[in-house]
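Data first, discussion second: the structure below is written as structure tokens.
2 protein chains.
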Amino acid sequence: MTSAVSTLRAILNPRSVAVVGASSDPAKFGGRVMHFLLKHGYRGRIVPVHPAATEILGLPATANLCAAGDPVDVCILALPAGHLPAALEDCGRAGARGAVVITADFAETGADGATRQDELLQIARRHNMRLIGPNCLGYINPQLQLALTSSVALATEPMQRGAIGLASQSGSLMASLISHAQDLGTGFSVAATVGNQADVDLCDLVEYFIDDDGTRAICLYVEGLKDGARFLELAQRARVAGKPILAVKAGRSAAGRQITQSHTASLAGSYAVWEAACRDHAVCLLDDPEALIYCADFLIRFGAPAKSTVAVMSPSGGTVAVTGDRVVSAGLALAEPGETTRRELLKLLPPGRTINPLDVGGLPRASGLDSALTAYELLARDPAVGAVLIAVATTPLLEDKVRRWGAAALAGKTPTAILLTPGTLVDGARAALKDIGCPYTNRLDDTLRVLRAAVDYGEALRDPPPPALPSKVAAAARIHAATLPAGRLNEPETKAMLRACGISTTDDVLARSIEDAVAAAQLIAYPVVLKGVCRNLVHKSEAGAVKLDISDAGALRAAWHDIEQGLAAHLPGTTLDGCVVQPMIRGGTELIVGCRWDDQFGPVVIVGTGGVLVEILDDVQMAVAPISAGHASRLIARLRIAPVLAGARGRPAGDMVALAETIARVSELAAALGPRLAELDINPLLVLEAGRGVVALDGRATLAH
Amino acid sequence: MTSAVSTLRAILNPRSVAVVGASSDPAKFGGRVMHFLLKHGYRGRIVPVHPAATEILGLPATANLCAAGDPVDVCILALPAGHLPAALEDCGRAGARGAVVITADFAETGADGATRQDELLQIARRHNMRLIGPNCLGYINPQLQLALTSSVALATEPMQRGAIGLASQSGSLMASLISHAQDLGTGFSVAATVGNQADVDLCDLVEYFIDDDGTRAICLYVEGLKDGARFLELAQRARVAGKPILAVKAGRSAAGRQITQSHTASLAGSYAVWEAACRDHAVCLLDDPEALIYCADFLIRFGAPAKSTVAVMSPSGGTVAVTGDRVVSAGLALAEPGETTRRELLKLLPPGRTINPLDVGGLPRASGLDSALTAYELLARDPAVGAVLIAVATTPLLEDKVRRWGAAALAGKTPTAILLTPGTLVDGARAALKDIGCPYTNRLDDTLRVLRAAVDYGEALRDPPPPALPSKVAAAARIHAATLPAGRLNEPETKAMLRACGISTTDDVLARSIEDAVAAAQLIAYPVVLKGVCRNLVHKSEAGAVKLDISDAGALRAAWHDIEQGLAAHLPGTTLDGCVVQPMIRGGTELIVGCRWDDQFGPVVIVGTGGVLVEILDDVQMAVAPISAGHASRLIARLRIAPVLAGARGRPAGDMVALAETIARVSELAAALGPRLAELDINPLLVLEAGRGVVALDGRATLAH
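For the protein sequence lines, the chains are A and B, in the order given.
For what it's worth, this note's numbering labels the leading residue of the first sequence as 1, then goes sequentially.
For what it's worth, this note's numbering labels the leading residue of the second sequence as 1, then goes sequentially.
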């Protein structure tokens, strides 16, 4: 354990806490903190700090923390922003190991706030104190009955212990999740808010949870990551430790990204990169905060299914029909139980029934209870079934059936998601499940999220992407790039860099004059392509600087003049640096392959559908670079255009081997050059028939410095 | 009101009921019915029918309904299947106007059951009795405190009156919805199950609800419609009456379709056609049964928004970020409030906040309550805002804020969806909203469904598809088709039918010999296309019977031989009827345009992306035929390929006018020939540049008789 983690452990498991700005008034932040500390029965030492009061809620208060005896492990500060620096200094001087700052109006409100936040951070660093917040709501540690928070959720809710570790950038989301956990009969090892993450960030908490024996699943509400690479390293450690990470990330939309800025001063970064990184690192990405609890609880109690298939059963024909439809719509595969299972099930059922989804309604009354249980067990024990979904609707003997199903699920090895579709009408069944510790959901949306997360997590565990090998191109890329100036690379420069990395491009000739071009075309053989080269020209096609399928010298000359005139109209005063002449290649499938430097995760490699379909298909896959060719093959397989590449409708299959190798090389290039390669696009990369390779027809890049 | 509806009205609002198979044992169907009739306080006459008992639960029982005084309005029968025919005869003889048959094991279990079901139906018809069921759970009419059902839901739930009319093919779904309505503080005019729909079907109930003053929204759970055309007529009447219809339809997946068969003997039909029909007829199609209640309640209390835009606010920054993301992901447009609204809002808020989504957390304590209300009212009154979503998370003074928001929403004109994200923690706020009659949701999934349904319903009301005009092609189509035999039409026959309807095709020549073909090609001018014609040949391309881009007579002769050999290999023993020679046309965009006869809705016109993209894009739109060209334009606009047709990335725009006109003509052809035209495909229909029209390059059709 690093010393940073051990300090955080001490802060999250304190023997003593000081409340700076303590009050007995629950309408005030410092008052709520005091009330919750006492109400939930924290058994450590509590030191109220107040400039005047000698006693608060029966505890002796002090005006000077340094004079209050042994150093406290953690101070919580709920003071107006102006009083914070001095108070934080006091905490530091008194030897506190950590400080929790609830107060808002820091970096999230703009530059002035960011300066004030930095001031706090410097004070904390000077005193070797970890800082949680500012602009957070503190944390709870139910194992210690510690509620070190001002969240109003703690006014009514008891603190249920459990194995979920929660780190949230939002205080009120923590409150909502505490409430849902309580309702479902589950709870937390620690639930903490980190607000603006001035010092302690989500990754610190993930590291703590990985090392914490009491935590079995890690839930995150993320507005922005401070260090994407560290997050991915921790995700790898969590995978090895068998602790699933489940995350909700704000900022998928432009609107959401604006909010993360004004809420916790977080740069949300690219959601697409985040999504790709999570998928490759077995992080379950959810779209809904409350679903974190459902999914974490399910994974804690059942683990991931061994197979990615689902069997659906319900005592209601209508419910089973709708549920079957929705399971299929959610992209989950319905299991196909084996012949023995079928035979045994059909013995229990009225005629005409299907096996999956399975309608277990209308069973003979006398044997109904037993048959309902037997039906479940037959499905759950079938080796073709990865997980079972029981959609519970009203039926005679409901509570008994549900209790038996739940007990059998907990006793068995097949993850089983129980959905209770009616409202309070079936609260008895909910209580029965809580009673035996069996998770359940109340809405099919959540049931499907649970199954999706469990299936995806299982697949990620079984089948992690192959590791990237030592780079074949790193040295060449660095040597080549060392000679290049910062700024935009034109097409010949970009292609030269690609060739240095062993990526196939067209054999181009850069002609400085029409006559050079005519000679080059003669050599290349008609038909040829002519493209204008000019450093300031970004959108060649729009400037009319791309001429395809030129069949003879006359047409070539005309094309050169057209390009000159087009450039003059498009960028007046700019002169042409020349034109590239290249062979006209027909057929194949056009892709875009490239890379970007991402502020959170670093180098990212991208592959997508090119050409006229770009907007329609919106067909892009990406991964944090570098990746192996095997990993690149997975990105290709996930493209919507994949069937065409594979040879749909009688077309020849594309050269998937060369394509995967090229994507891997681009990813190695991206990793090798790091932030220097701001972006690179091969557009189009033409994928030829299997065995004929791929070829970069055009390309551009930007070097950062 | 038709007499059928007035009979149904009498049955659903009975002055007297008989329970055939009555019992005092609540474990039996007939016992539950008796208990629920008494428990919920039905004030009409109740006649228990039993072969031996003289009294059941304090009411005098009879063995012979005919001897029991005045005829009863409705009998409910819960007897073993074998006893039903005789009992139903008794009911008929006693003058009952309707019978509800709960017993299952009829058409849903196969052919024998279907025969037994038909026998019941004949008995009912003979006695002029309407039959509800079999395989149903009866109905409730809370206005009369009538629970004429065996559903266990009625054992615990009171029956809340309300303005939702529910017709369900599933009994336990009705139970679940009764429970959810109760939880939300809303209820039903009538909630009825129709099971196998042997006689009374969903449409009968829709018609009843349209005429019923107590019903303001109509909810349906559909497994199969008996008469799609009638449903669409009723949907039109409901639209005029201002009563939204909301529906969940099972059978979207193959698995779901199997279940509808074994559950209520319903043929689910094509979900895609159903979806298209609902969209064009202002029927809100939902994917989740419980959401019916949320959406119906919302539309009853608020109506549809005048604009299709949403403003989002929350006192939690995290919640507002996630909610903003999800609203955008759901395809809902965020409203852009005007300058005045912005200015006024910014006065209330800490610096740095965005306007929509709006984070109203951290308001100054003294003015917090007022500011939270003012913020809502500023948004709700802004003319750019169609609907407001308030995502309520924990915040100080939560209940007061929520009560004020709810009251303001009910008093105002802007539909407002209130989401309560925490669990039981905020049950106080839920009670406050129930108290004032303001709808709310507990999960964002449902909030988004509510807003989506309300926005879609508003758009459908404002902007119904233009009506189809009298057909331009009906007479020609009928005359042309009268000459054709049943079975598959080959390419020349199909194209002749298209031309008869004014649809442009290539100018083909059907050549019976190679020399004819050479002569034809000379006339048409090279390059040409040669295709084999043979009635038994369905998949021309797979048999190698399509040869493109033939440039001279030599190539043409070779192509003819290739086609002959390919056919011999593909369909041994079959001879070629000849080959069509057609001009080779380049460019344009390939679509598929066609029609199908649908068992539920009749003629359906289809347009979709053709060519190599078919599988990838899965890009199909359809409508119940006939449709106008204006309506066809909407189908085109909804295609994913629409941007390419409109001229994306510098390509010329396609001839959208000719395309829309062609789709309309195909729809008229489909409507004119009715079930005789089983299917027709123009594949591909080539869409040329604007002004150059469209042209059918190939086509096939099947006539039914």
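Ideal Cβ placement from N, Cα and C applies to all residues, glycine included.
Closer than 8 Å, CB to CB, is Y221 (chain A) near chain B or not?
Reading the first sequence from its first residue, position 221 is the one you call residue 221 (chain A). Chain B, which has a Cβ nearer than 8 Å to the Cβ of Y221 (chain A), makes this yes.
P244 (chain A) and A217 (chain A) look like a contact to me (Cβ under 8 Å); what is the Cβ gap, rounded to whole Å?
Numbered from its first residue, the first sequence carries residue 244 (chain A) at position 244. Numbered from its first residue, the first sequence carries residue 217 (chain A) at position 217. Confirmed, Cβ separation roughly 5 Å.
Using the beta-carbon of each residue, which ones in chain A are nearer than 7 Å to D201 (chain B)?
Indexing the second sequence from 1 puts residue 201 (chain B) at position 201. Here the premise fails: no neighbours, minimum Cβ distance about 16 Å.
Answer yes or no: does any C-beta atom of chain A fall closer than 8 Å to that of E108 (chain B)?
One-based indexing of the second sequence puts residue 108 (chain B) at position 108. It does: the Cβ of E108 (chain B) has a partner Cβ on chain A nearer than 8 Å.
Leaving out five residues before and five after R326 (chain A) in sequence, what residues of the same chain have Cβ atoms less than 8 Å from its Cβ?
As a first step, residue 326 (chain A) is located in the first sequence; it is residue number 326 there, counting from the start. L444, L448.
Closest by CA to P684 (chain A), which one among A:A678, A:L697, A:E108?
Counting from 1 along the first sequence, the entry for residue 684 (chain A) is found at position 684. Minimum Cα distance to P684 (chain A) is reached at A:L697.
Flag R353 (chain A) as yes if its beta-carbon sits less than 8 Å from any beta-carbon of chain B, otherwise no.
As a first step, residue 353 (chain A) must be located in the first sequence, where it is residue number 353. So yes, R353 (chain A) belongs to the interface.
Please list the partners that E491 (chain B) has in chain A, where partner means a Cβ-to-Cβ separation under 8 Å.
Taking the second sequence and counting its residues from 1, one reaches residue 491 (chain B) at position 491. Per Cβ cutoff of 8 Å: no residues; E491 (chain B) is ~19 Å from chain A at best.
Buried or exposed: I479 (chain B), going by 16 or more other Cβ atoms within 10 Å of its Cβ?
In the second sequence, counting from the first residue as 1, residue 479 (chain B) sits at position 479. Exposed.
In terms of DSSP beta bridges, what is I123 (chain B) paired with?
Indexing the second sequence from 1 puts residue 123 (chain B) at position 123. Beta-bridge pairing links I123 (chain B) to no other residue.
Count the C-beta pairs between the region 65 to 85 of chain B and the region 11 to 20 of chain B that are closer than 8 Å, then say yes if the count reaches three, no if not.
Yes: at least three Cβ pairs fall under 8 Å.
Please go through the same chain and pick out, in chain order, the residues whose beta-carbon is closer than 8 Å to the beta-carbon of T7 (chain A), but skip the five residues on each side of it.
Taking the first residue of the first sequence as position 1, residue 7 (chain A) is located at position 7. Contacts found: R97, G98, R130.
If we require 4 or more residues per run, which alpha helix (DSSP H) segments fall completely within the region 286 to 363 of chain A?
Listed in chain order, they are 289 to 302, 317 to 329, 339 to 348.
So for P415 (chain B), helix, strand or coil by DSSP?
Along the second sequence, one-based indexing puts residue 415 (chain B) at 415. Correct three-state label for P415 (chain B): coil.
Does any CB atom of chain A fall closer than 8 Å to the CB of D445 (chain B)?
Counting from 1 along the second sequence, the entry for residue 445 (chain B) is found at position 445. So yes, D445 (chain B) belongs to the interface.
Taking only beta carbons into account, state which residues of the region 276 to 301 of chain B come closer than 8 Å to chain A, listed in chain order.
Those would be D287, D288, P289, E290, in chain order.
Flag Q621 (chain A) as yes if its beta-carbon sits less than 8 Å from any beta-carbon of chain B, otherwise no.
Residue mapping note: residue 621 (chain A) aligns to position 621 of the first sequence, counting from 1. Not one chain B Cβ lies under 8 Å of Q621 (chain A).
Kindly identify the DSSP beta-bridge partner or partners of R161 (chain A).
What you label residue 161 (chain A) is simply residue 161 of the first sequence in a count that begins at 1. In the DSSP output, where bridge partners are listed per residue, R161 (chain A) has A:F188.
Quick one: is T281 (chain B) buried, meaning 16 or more other Cβ sit within 10 Å of its Cβ, or exposed?
The residue labelled residue 281 (chain B) in the question sits at position 281 within the second sequence. Correcting the residue identity first, residue 281 (chain B) is His in this sequence and not Thr. With 16 or more other Cβ atoms within 10 Å, it is buried.
Indicate the three-state DSSP secondary structure (helix, strand or coil) for G256 (chain A) in the structure shown.
On the first sequence, position 256 is the one that residue 256 (chain A) refers to. Helix at G256 (chain A).
Could you pull the start and end residues of the beta strand (DSSP E) that Y526 (chain A) belongs to?
Sequence index remark: in the first sequence, residue 526 (chain A) carries index 526 (1-based). Y526 (chain A) -> no beta strand (DSSP E), and no H or E assigned at all.
Could you compute how far the alpha carbon of A642 (chain B) sits from the alpha carbon of V604 (chain B)?
Looking up residue 642 (chain B) in the second sequence gives position 642. Looking up residue 604 (chain B) in the second sequence gives position 604. Their Cα atoms are separated by approximately 21 Å.
Got a sec: is the Cβ-Cβ distance from L173 (chain B) to anything in chain A below 8 Å?
Counting from one through the second sequence, the residue named residue 173 (chain B) turns up at place 173. For L173 (chain B), the answer is yes, since a Cβ of chain A falls inside 8 Å of its Cβ.
Hey, does I641 (chain B) have any beta-carbon neighbour from chain A nearer than 8 Å?
Mapped onto the second sequence, residue 641 (chain B) falls at position 641. I641 (chain B) counts as touching chain A.
Measuring CB atoms only, is the region 148 to 167 of chain B touching the region 199 to 209 of chain B, in the sense that at least three cross pairs come out at less than 8 Å?
These segments touch.
Is the separation between the beta-carbon of A153 (chain A) and that of I178 (chain A) shorter than 8 Å?
The sequence position of residue 153 (chain A) within the first sequence is 153, counting from 1. The sequence position of residue 178 (chain A) within the first sequence is 178, counting from 1. In contact: A153 (chain A) and I178 (chain A) (Cβ atoms closer than 8 Å).
Whole angstroms is fine: what's the gap from L148 (chain B)'s alpha carbon to K434 (chain B)'s?
Taking the first residue of the second sequence as 1, we reach residue 148 (chain B) at position 148. Taking the first residue of the second sequence as 1, we reach residue 434 (chain B) at position 434. If you take the alpha carbons of L148 (chain B) and K434 (chain B), they lie about 27 Å apart.
Using only the alpha-carbon positions, how far apart do A61 (chain B) and T156 (chain B) sit?
Counting from one through the second sequence, the residue named residue 61 (chain B) turns up at place 61. Counting from one through the second sequence, the residue named residue 156 (chain B) turns up at place 156. Spanning the two alpha carbons is a distance of roughly 26 Å.
Got a sec: is the Cβ-Cβ distance from Q258 (chain A) to anything in chain B below 8 Å?
Here residue 258 (chain A) corresponds to residue number 258 of the first sequence, with the count starting at 1. Yes, its Cβ sits closer than 8 Å to a Cβ of chain B.
Quick check on Y139 (chain B): does DSSP put it in helix, strand or coil?
Indexing the second sequence from 1 puts residue 139 (chain B) at position 139. Strand.
What in chain A is Cβ-close to R326 (chain B), meaning under 7 Å?
Position 326 of the second sequence holds residue 326 (chain B). Result: D287.
In three-state terms, what does DSSP make of I641 (chain A)?
Here residue 641 (chain A) refers to the residue found at position 641 when the first sequence is read from its first residue. In the structure shown, I641 (chain A) sits in coil (DSSP, three-state: anything other than H, G, I, E or B).
From I56 (chain B) to A67 (chain B), what does the alpha carbon distance come to, in whole angstroms?
Along the second sequence, read from residue 1 onward, the residue named residue 56 (chain B) stands at position 56. Along the second sequence, read from residue 1 onward, the residue named residue 67 (chain B) stands at position 67. Answer to the nearest angstrom: the Cα atoms are 17 Å apart.
With a cut-off of 8 Å, do at least 3 Cβ pairs link the region 107 to 123 of chain B to the region 192 to 207 of chain B?
Taking 8 Å as the limit for Cβ pairs, the verdict is that the region 192 to 207 of chain B does touch the region 107 to 123 of chain B.
Please check the pair G352 (chain B) and T109 (chain A), which I expect to be a contact at CB under 8 Å, by giving their CB distance rounded to whole angstroms.
Residue mapping note: residue 352 (chain B) aligns to position 352 of the second sequence, counting from 1. Residue mapping note: residue 109 (chain A) aligns to position 109 of the first sequence, counting from 1. Indeed, because the Cβ distance is near 5 Å, the residues count as touching under 8 Å.
Can you give me the Cβ contacts of D105 (chain B) inside the same chain, cut-off strictly under 7 Å, excluding the 5 residues immediately before and after it?
Along the second sequence, read from residue 1 onward, the residue named residue 105 (chain B) stands at position 105. Correct list, in chain order: A81, G113.
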